[in-house]
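Visitor: Numbering (the working numbering), first residue to last: 21 to 245.
This is the structure I have questions about; it appears just below.
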């Protein structure tokens, strides 16, 4: 992602009206579920690292997205955050900076032996955090995820129906590369996709299109969020 200036993490911002949220972010939606796979730069800069496939972001820069995420979050919301073994400590810090309390996690068994100086990594971890009260709708979901691995860094397509089964929408996927194959209320944001909203200070190629859509839309009255 582009490395530009950005807001600093801090206390939760005051709630915006719908009109203010539309002007700032290009959407009036307050999301109940966030699904994020950040491009961590931790232990990913070598010959076989993720840097060979896409741009990386520092943990501090990802943490600094916190005020923006909080402004777009419902009072009762969930964060599902992918981390590697190396980025696990940073992932917990990001979760706190974004305004979520860690609750549990799941592990995706990738069916192969990867890299590692200690245990050879064969899984990725999905952290589960909550803001307010956001219980699972389905209590029978196992924490071990047995989904096939595809191309580098791509997360299982099966995650989308799983998320919809256990959590309420509207949903937002951050750092998305493809639009979810779903008829549910999903929005996406990322550097490699036509995003549905803007995160100020984190420019992506589709920002102009989002702003143009907002500027040409019929004017609506702005009520409280």
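C-beta: ideal position from N, C-alpha, C; glycine also.
Tell me the DSSP secondary structure of residue 193 in three-state form.
Guide: Strand.
Visitor: Alpha carbons only, please: which of 61, 117, 85, 92 is nearest the one belonging to residue 38?
Guide: 92
Visitor: Short of 6 Å in beta carbon distance, which residues of its chain neighbour residue 153, apart from the five on each side in sequence? Order them along the chain.
Guide: Here the set comprises 96.
Visitor: Which two residues bound the contiguous beta strand (DSSP E) that contains residue 43?
Guide: Element bounds for residue 43: not the beta strand (DSSP E) but the alpha helix (DSSP H), 38-45.
Visitor: Where do the ends of the alpha helix (DSSP H) carrying residue 48 lie?
Guide: From DSSP, residue 48 is part of no alpha helix (DSSP H); its letter is neither H nor E.
Visitor: Under the three-state reduction of DSSP, which class applies to residue 117: helix, strand or coil?
Guide: DSSP places residue 117 in helix when its eight states are reduced to three.
Visitor: Using the C-alpha atoms, what's the distance from residue 184 back to residue 59?
Guide: 24 Å
Visitor: Rounded to whole angstroms, what's the CA-CA distance from residue 79 to residue 238? Just pull it up for me.
Guide: Between residue 79 and residue 238, the C-alpha separation is close to 39 Å.
Visitor: Roughly how many whole angstroms lie between the Cα atoms of residue 168 and residue 236?
Guide: The alpha-carbon separation between residue 168 and residue 236 amounts to approximately 43 Å.
Visitor: How would you label residue 48, buried or exposed, when you count the other beta carbons within 10 angstroms and need 16 or more for buried?
Guide: buried
Visitor: How about residue 177 and residue 157: are their beta carbons less than 8 Å apart?
Guide: no
Visitor: On the criterion of 16 or more Cβ atoms from any shown chain inside 10 Å, does residue 170 qualify as buried, or is it exposed?
Guide: For residue 170, the number of other beta carbons within 10 angstroms of its own is below 16, and it is reported as exposed.
Visitor: Compare the C-alpha of residue 53 against each of 213, 218, 207, 233 and name the closest.
Guide: With respect to the C-alpha of residue 53, the residue from 213, 218, 207, 233 having the closest C-alpha is 207.
Visitor: Roughly how many angstroms separate the alpha carbons of residue 42 and residue 217, rounded to a whole number?
Guide: 9 Å
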